[in-house]
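*Asks:*
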Amino acid sequence: MRNEAPERDQIAALRAQLATLEGPGGGRVRTASETGVEFSPFSADFQGLHDLYADSVADAVAVNAFSLGLALRTAAGRPIVWGLHDQMANEAGRPHGPGLQEMGIDPAGLLLVRGRDMKALLAVGEDALRSPAVGAVLLSAWGEAKALSLTASRRLALAAETGGGALFLARAGAAPAPSAAETRWAIRAVASRPLEAGAPGHPSFLATLLRRRSGGGETKTWPMEWDRDHRSFRPPAPLSGDLVPLAAHRTAPASGSSPAPRRVA
Numbered sequence: 003m004r005n006e007a008p009e010r011d012q013i014a015a016l017r018a019q020l021a022t023l024e025g026p027g028g029g030r031v032r033t034a035s036e037t038g039v040e041f042s043p044f045s046a047d048f049q050g051l052h053d054l055y056a057d058s059v060a061d062a063v064a065v066n067a068f069s070l071g072l073a074l075r076t077a078a079g080r081p082i083v084w085g086l087h088d089q090m091a092n093e094a095g096r097p098h099g100p101g102l103q104e105m106g107i108d109p110a111g112l113l114l115v116r117g118r119d120m121k122a123l124l125a126v127g128e129d130a131l132r133s134p135a136v137g138a139v140l141l142s143a144w145g146e147a148k149a150l151s152l153t154a155s156r157r158l159a160l161a162a163e164t165g166g167g168a169l170f171l172a173r174a175g176a177a178p179a180p181s182a183a184e185t186r187w188a189i190r191a192v193a194s195r196p197l198e199a200g201a202p203g204h205p206s207f208l209a210t211l212l213r214r215r216s217g218g219g220e221t222k223t224w225p226m227e228w229d230r231d232h233r234s235f236r237p238p239a240p241l242s243g244d245l246v247p248l249a250a251h252r253t254a255p256a257s258g259s260s261p262a263p264r265r266v267a
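In short: position in the sequence shown from 1, add 2, done, that's the numbering used here.
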């Protein structure tokens, strides 16, 4: 029989850390739910449980980054608990401090918990959702697992409803399956548009809504990019038709010659 003492110790340590976050009078800030408006991932209230699947195993990093962005937006400055399955870390890599800061995340506001298996990961999610101090919970899981059943998703959804929070379940190496989630997504990484002077562009994704409990069964895909300054997703900006200043492209005039006339847009 497997020794479950390390798992119990890990959960106990998580509870102790969550207790320090709550403090006196700690409470979860609730956001208003949308009613009577067309659903948009740019403005939606992501309370409850949400399933996010990597479109392919190559999109494992993308589904984690996209889910982390949703968690950051939902948390609104409060701590985020990220439960990371060991197999996901082995396949897609572990979080990197400078990379998190590039997304606009303060590592001090992120509580990272490693889950040896799916059972431990689910326990992390349920415990974190019960803390009113936690802004959002992210669970990153790799592969198919019996523990991630419809019953397990109902437990997570109930915990999110009881605590009034949001949980994002990011999965890679697994096919979409029935669950109690409010929404189900397929996430794919796409090439970003370079910024001025060839600087790397914003992280970019194609997010396909596969299912929404309170809506119809029609799927829809949105191109989205992450804005680290505003900590939110936005539609990609249209390609600019403005002229680049000529000084950036023309060669210096020969000595003694007059410079070419500049074109004014």
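Even for Gly, the Cβ is constructed at its ideal location relative to N, Cα and C.
For the stretch 103-120 against the stretch 157-167, are there 3 or more C-beta pairs whose distance is under 8 Å?
*Replies:* no
*Asks:* Could you give the distance in angstroms between the alpha-carbon of Leu1 and the alpha-carbon of Leu72?
*Replies:* Nothing in the structure corresponds to residue 1, since the chain is present only between 3 and 267.
*Asks:* Checking 8 Å against the spacing of the C-beta atoms, do Pro225 and Pro238 come in under that value?
*Replies:* yes
*Asks:* Mind listing, in chain order, the continuous alpha helix (DSSP H) runs of no fewer than 4 residues lying wholly within the stretch 50-87?
*Replies:* 62-77
*Asks:* Between Leu169 and Leu51, is the Cβ-Cβ spacing less than 8 Å?
*Replies:* yes
*Asks:* With a cut-off of 8 Å on the beta carbons, I'd call Ser216 and Ala183 a contact; round off their distance for me.
*Replies:* Actually they do not touch by this definition, with Cβ atoms about 12 Å apart.
*Asks:* Check whether the Cβ atoms of Leu212 and Thr223 lie closer than 8 Å to each other.
*Replies:* no
*Asks:* Is there contact here, the stretch 58-66 with the stretch 173-183, by at least three beta-carbon pairs under 8 Å?
*Replies:* yes
*Asks:* Could you tell me which of Gly137, Pro43, Trp187 sits nearest to Gly167, measuring between CA atoms?
*Replies:* Gly137
*Asks:* Per DSSP, what kind of secondary structure is Thr210 in: helix, strand or coil?
*Replies:* strand
*Asks:* When burial is assigned at 16 or more other CB atoms within 10 Å of the CB, is Asn92 buried or exposed?
*Replies:* exposed
*Asks:* Any idea if Gly1 is buried or exposed, counting beta-carbon neighbours within 10 angstroms, 16 or more meaning buried?
*Replies:* As displayed, the chain neither begins before 3 nor continues past 267, which places residue 1 out of reach and without an answer.
*Asks:* Just to confirm, are Trp84 and Leu140 a CB contact at a threshold of 8 Å?
*Replies:* yes
*Asks:* Could you tell me the distance, in whole angstroms, from the CA atom of His98 to the CA atom of Glu104?
*Replies:* 10 Å
*Asks:* Taking the straight line between their C-alpha atoms, what separation do you get for Pro43 and Pro202?
*Replies:* 24 Å
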